[in-house]
Amino acid sequence: QGTRQIYGVTIPQIKADIGASDLEMGMVASAFFMAYAVVVPFGGFIADLFRRKWVIAAGAALFAIGVFSASFASSLGLLLVTYGIINGVGQSLVPVSSTSIIQQLHSESRATALSVYQIALYAGVILCSVASGYLGSLGPGGWRSAFMLFGGMSIAWTLMIVFALKDTPPQDSDAKGPARRMPLLRSLKEALLAMFSKPSAILMTLAFGLSNFGSIGFRTWMPTCLQRTFEGISPASAAFHSVFWFYAGGFAGLLVASRISDSWKRRGNIGARLDCNLIGLVLCAPAVVFVANSTGSLWVTAAGLLAYGFINAFYDANFIASFYEVITPRYRTSAYGLFASGAFVMGSFAPAILGFMGGRFSFNVAMSMLGVFYLAGAAVTLVARVCFLKRDYGD
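This is the structure:
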């Protein structure tokens, strides 16, 4: 997650270095998310068939090489290949196996466990953003140091995964070795049936895609939006303000939202997770519009980002857990791959569309548009909650 943010906070420096437009810079980010979306379902199927530890390690190695190689890119095409495609393919292999292991080991406190995982992602985003903003502000070529630093750290961390990460057996099988592995086509077919036989799962995927459009667009362009809105703000300061307040609110929101949903769940509310999703999506719409239009004071914008992050955490803390609750345990990893793929295909268009709108109008207008996507996601979630959840709810 942190290495994704390196690009967003250094867009102005990269743009000046290679001579690209806002639309072209958005296309690089869109290429990353599209590559991620195309490959992530296969990460799920592979994780269902093979040891998840090695799927995670392979993905980490690939995205680390992609980020490190991007530091040497001298053209838009090379940036598309290294940061966009290689990085995107590698990152697509990591989350499905990671979340599968976590949900298996913490079945009674799933939302809380996944929130701890989400907090780690938030910490990575803040660290990478602030450091990259500082390095990018050092002058021509500073952005390359950011990619080289965090790409190198990712390569080192891949070795830690190889030696330290523990694996878990399949959740619902006592068989061992090759005897437990299903043929790939059969696994694909049954995973598709496990997901697409549940209308609520399909609607959650659509809601995730709409939310993802808002989230990806915000994370990619907020640092640039701050630099163009507030004259004199440095790249390092824009990087700090664009992520720190949002994720500081997110830290607090994750702890509150996960506890609330787990508490509601223990009281017998089968829709506890979706209820929290709905709260987050509805309130994110006015929050992002406020942030986009608070152009008078940086500190007012910071307060809006703090509230936006807190509210968004109600969705982040529960969207994976709510999806797993309507999927047969054996197929959760594969189904999550399909879930993430559909959502990231939708979200991948956000950087390019906002880049076009920012160049044609302003990034304040472009960011305000994201509120529409949050409200659409809330409407879809409400339909899933009211019409289909009770029927689709799993064991």
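If you want our numbering, it's the 1-based position in the sequence shown plus 121. We put the beta carbon where it would ideally sit given N, CA and C, even for glycine.
With a threshold of 8 Å on Cβ separation, who are the neighbours of residue i within its own chain once the five nearest residues in sequence on each side are excluded?
| i | result |
| --- | --- |
| Leu200 | Ile135, Ile139, Val149, Ala191 and Ala194 |
| Cys379 | In the sequence under discussion, the amino acid at residue 379 is Ser, which differs from the Cys named in the question. Result list for Ser379: Ala232, Thr233, Leu235, Ser236, Ala438 and Asn439, in chain order. |
By the DSSP assignment, the alpha helix (DSSP H) with residue i in it spans what residues?
| i | result |
| --- | --- |
| Arg340 | Pro320 to Thr350 |
| Thr131 | Gly123 to Ile139 |
| Ile381 | Pro356 to Arg387 |
| Gly205 | Note, Gly205: premise wrong, no alpha helix (DSSP H); not H, not E. |
| Phe477 | Phe470 to Arg481 |
| Lys511 | Leu510 to Asp513 |
Taking only three categories from DSSP, how would you classify residue i?
| i | result |
| --- | --- |
| Pro261 | coil |
| Met274 | helix |
| His227 | coil |
| Ser250 | helix |
| Val447 | coil |
| Ser455 | helix |
| Phe193 | coil |
| Ile391 | coil |
| Ala152 | helix |
| Ala428 | helix |
| Met490 | coil |
| Leu404 | helix |
| Arg173 | helix |
| Ser415 | coil |
| Asn485 | helix |
| Ser219 | helix |
| Leu280 | helix |
| Leu214 | coil |
| Lys310 | helix |
| Ile438 | Per the sequence shown, residue 438 should be read as Ala rather than Ile. DSSP places Ala438 in coil when its eight states are reduced to three. |
| Asp288 | coil |
| Ser266 | helix |
| Gly463 | helix |
| Ser142 | coil |
| Gly187 | helix |
| Phe164 | The sequence as given places Gly at residue 164; Phe does not occur at that position. Looking at Gly164 - three-state DSSP - the assignment turns out to be helix. |
| Gly353 | coil |
Enumerate in chain order the residues of its own chain whose CB-to-CB distance from residue i is below 7 Å, with the five nearest sequence positions on each side excluded.
| i | result |
| --- | --- |
| Phe153 | Tyr204, Gly205, Asn208 and Gly209 |
| Thr279 | Ala178, Ala181, Ala182 and Ala185 |
| Ile323 | Phe317 |
| Pro261 | Asp138 |
| Ala223 | The amino acid occupying residue 223 in the given sequence is Ile; Ala does not appear at that position. So the qualifying residues of the chain are Ala234, Leu235 and Tyr238. |
Would you kindly work out how many angstroms separate the C-alpha atoms of residue i and residue j, rounded to a whole number?
| i | j | result |
| --- | --- | --- |
| Met316 | Leu259 | 49 Å |
| Ser266 | Tyr157 | 24 Å |
| Leu256 | Ser250 | 10 Å |
| Ile337 | Glu229 | 31 Å |
| Phe440 | Asn414 | 28 Å |
| Val412 | Ala406 | 10 Å |
| Ser253 | Trp366 | 17 Å |
| Thr449 | Gly263 | 48 Å |
| Gly353 | Ile132 | 17 Å |
| Ala296 | Ser219 | Because Ala296 sits at a pLDDT of 47, beneath the cut-off of 50, its placement in the model cannot be relied upon, and the point is left open. |
| Ile247 | Ala369 | 9 Å |
| Val215 | Val176 | 7 Å |
| Leu503 | Asp513 | 15 Å |
| Ser382 | Val507 | 17 Å |
| Phe482 | Val202 | 29 Å |
Take residue i and list the residues in its own chain whose beta-carbon comes closer than 6 Å to its own, dropping the five residues that flank it on each side.
| i | result |
| --- | --- |
| Val410 | Ser489 and Gly492 |
| Val501 | Leu324, Leu327 and Ala328 |
| Ala461 | Val161 |
| Gly498 | Ala328, Leu331, Ser332 and Leu402 |
| Gly147 | Pro472, Ala473 and Gly476 |
| Ala408 | Ala428, Tyr429 and Ile432 |
| Tyr495 | Gly335, Leu402, Cys405 and Ala406 |
| Ala312 | Tyr452, Ser455 and Ala456 |
| Val217 | Gly164, Gly165, Ala168, Thr454, Tyr457 and Gly458 |
| Tyr466 | Reading the sequence as shown, one finds Val at residue 466 and not Tyr. Ala158. |
| Pro299 | Because the pLDDT of Pro299 is 48, which lies under 50, any placement of that residue in the model is unreliable, and the number read from its coordinates should be weighed accordingly. Once the five neighbours on either side are set aside, Pro299 has no close Cβ partner at all. |
Any C-beta of chain D sitting closer than 8 Å to the C-beta of residue i?
| i | result |
| --- | --- |
| Val251 | Looking at the structure shown, chain D is missing, and only one protein chain is on hand. |
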